[in-house]
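The letter at position 43 of the sequence shown is residue 257 when you use the numbering used here, and the numbering goes up by one with no holes.
For glycine and all other residues, C-beta sits at the position ideal for the given N, C-alpha and C.
All values derive from a computational prediction rather than experimental measurement.
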Amino acid sequence: KDDNKDDSGKESGYGGGEAMDANPNVAHVIIAKQRNGPTGDIKLVFRDEVMRFENMARAAYGQETDHTPEREA
């Protein structure tokens, strides 16, 4: 039996009943609490060839990113 499916065959678990993402290399990160900065949701993509997560917009274009985090204005 698949652990992610209930008896009716639907996806269940931590995702709130949402279907799992079609791309397993995409991570949805929720920053819900931060002392001195913005909060919100971001999508990251895992680049397995270099073993790191990158901003999804930059990774889609194949651009290398520096190691400093982006700050929203």
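(message) If you measure between the beta carbons of Asp262 and His242, is that distance less than 8 Å?
(response) no
(request) Determine whether the Cβ of Val259 lies closer than 8 Å to any Cβ atom of chain C. (result) Within the model displayed, chain C is absent; a lone protein chain is all it includes.
(request) Going by DSSP, name the residue or residues bridged to Ala241. (result) Leu258
(message) Distance check for Asn269 and Thr253, CA to CA, integer angstroms please.
(response) 16 Å
(request) Would you mind working out which of Ala246, Gln248, Leu258 and Arg249 sits nearest Val240, comparing C-alpha positions? (result) Leu258
(message) Taking 6 Å as the limit between beta carbons, can you name the residues of its chain near Ile244, skipping five residues before and five after?
(response) Asp255
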